[in-house]
């Protein structure tokens, strides 16, 4: 089979297309013929070994796939690694059948980014109806879904940030009440202004560095900042417990991997999101499809912030 293999850590240049033997499913696993693989920003960290968990070489990257099982079922699945390939072995408990009316790209947008957006708002932020929500990178895979979910959960005001007018316009189309420039300079002031002069209740933050710092400064008493990434690769300033106490604020971390070992925290939200997509209540955004041989260019586009929505790889090309 054709697959992307990395034998050394680094940037997009280490992603190489090779021919490998088909994988052999182990106990509790099944073989899936991959029709599309999802690309996540976390993949760019994984290939340079800067992610939350250490990687080992050699490795086929890719954490999510859509495809067919040997008995013909169409499934979307989360995998440990191995998604950037024509075939992969999938643990049966992490495969979910796709309902009619949901495309491959839509399903892939939900399996990591959709479930993440669901937990950011419900589990980590514990959003209360009427509260204001800031969604950074609001045109991205997770952000574009978080904007829609925040509105469906009764957020009082959804404030989107994005790096271009086109991305801000998309966030507004998806339901954001206002969209502002994503640059860290002046971020606190823009967020407060966008919320009618009041500090904000919830921030979903995945950039790190000065954007994290400005977002925390814009947080109201009893506000929650949920951090789930560090796309800038720059750490924020240390968070002081005394300052959090003095402002009655919370900083909450989220990593989807912790949901997989807890019954109901992965399959049930995914089933809900798939149903919402099937009946049109949720509109996952598919931002582009690269050939498998173009995995490096997909990573380059992600790192350069040239993408929106969900990015896919097509193993047939």
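Residue numbers (the UniProt record's numbering): 1 to 317.
Note that the Cβ used here is the ideal one computed from N, Cα and C, for glycine as well.
Delimiting residues of the alpha helix (DSSP H) encompassing residue i
i: residue 126; result: Looking at the DSSP string, residue 126 is not in any alpha helix (DSSP H), and its letter there is neither H nor E.
i: residue 245; result: 241-247
i: residue 104; result: 104-109
Rounded C-alpha distance that separates residue i from residue j
i: residue 71; j: residue 95; result: 14 Å
i: residue 237; j: residue 209; result: 7 Å
i: residue 153; j: residue 3; result: 40 Å
i: residue 10; j: residue 46; result: 9 Å
i: residue 105; j: residue 243; result: 43 Å
i: residue 98; j: residue 281; result: 16 Å
i: residue 102; j: residue 42; result: 24 Å
i: residue 263; j: residue 1; result: 34 Å
i: residue 169; j: residue 179; result: 8 Å
i: residue 247; j: residue 288; result: 42 Å
i: residue 199; j: residue 59; result: 45 Å
i: residue 52; j: residue 165; result: 32 Å
i: residue 245; j: residue 260; result: 32 Å
i: residue 49; j: residue 57; result: 10 Å
i: residue 274; j: residue 196; result: 35 Å
Option nearest residue i by Cα separation, candidates the options
i: residue 55; options: 317, 217, 80 and 138; result: 80
i: residue 194; options: 133, 212, 317 and 7; result: 133
i: residue 44; options: 140, 67, 250 and 12; result: 12
i: residue 38; options: 83, 48 and 51; result: 83
i: residue 118; options: 101, 265 and 161; result: 265
i: residue 249; options: 58, 177, 222 and 189; result: 222
i: residue 86; options: 108, 73, 49 and 23; result: 23
i: residue 61; options: 73, 35 and 88; result: 88
i: residue 215; options: 121, 161 and 66; result: 161
i: residue 35; options: 107, 187, 155 and 231; result: 107
i: residue 313; options: 305, 304, 303 and 286; result: 286
i: residue 212; options: 182, 52 and 196; result: 182
i: residue 276; options: 128, 114 and 299; result: 114
i: residue 295; options: 315, 278 and 305; result: 315
i: residue 257; options: 25, 268, 116 and 189; result: 116
i: residue 93; options: 267, 274 and 299; result: 267
Neighbourhood of residue i by C-beta distance below 7 Å, restricted to the same chain and skipping five residues each side
i: residue 69; result: 30, 32 and 75
i: residue 297; result: 290
i: residue 14; result: 6, 8 and 47
Chain-order list of residues whose beta-carbon lies under 6 Å from that of residue i (same chain, five-residue window excluded)
i: residue 301; result: 307
i: residue 177; result: 157 and 158
i: residue 317; result: 291
i: residue 229; result: 206
i: residue 129; result: 154
i: residue 67; result: 32, 33, 34 and 35
i: residue 299; result: 12 and 44
i: residue 163; result: 182 and 305
i: residue 201; result: 131, 132, 220 and 223
Check whether residue i and residue j have beta carbons under 8 Å apart
i: residue 203; j: residue 124; result: no
i: residue 135; j: residue 143; result: yes
i: residue 293; j: residue 17; result: yes
i: residue 218; j: residue 191; result: yes
i: residue 240; j: residue 226; result: no
i: residue 171; j: residue 138; result: yes
i: residue 121; j: residue 150; result: yes
i: residue 131; j: residue 109; result: no
i: residue 318; j: residue 310; result: Beyond the ends of the chain as shown, which are 1 and 317, falls residue 318; an answer cannot be given.
i: residue 91; j: residue 186; result: no
i: residue 304; j: residue 100; result: no
Other residues of its chain near residue i: CB distance less than 8 Å, five sequence neighbours each side excluded
i: residue 272; result: 118
i: residue 111; result: 38, 64, 76, 77, 78, 96 and 270
i: residue 234; result: 208, 209 and 210
i: residue 231; result: 41, 137, 206, 207 and 208
i: residue 255; result: 52 and 228
i: residue 126; result: 224
Endpoints, beta strand (DSSP E) assigned at residue i
i: residue 68; result: 64-68
i: residue 290; result: 286-291
i: residue 314; result: 310-314
i: residue 320; result: Shown here, the chain extends from 1 to 317; a query on residue 320 therefore has no answer.
i: residue 253; result: 250-253
i: residue 88; result: 87-91
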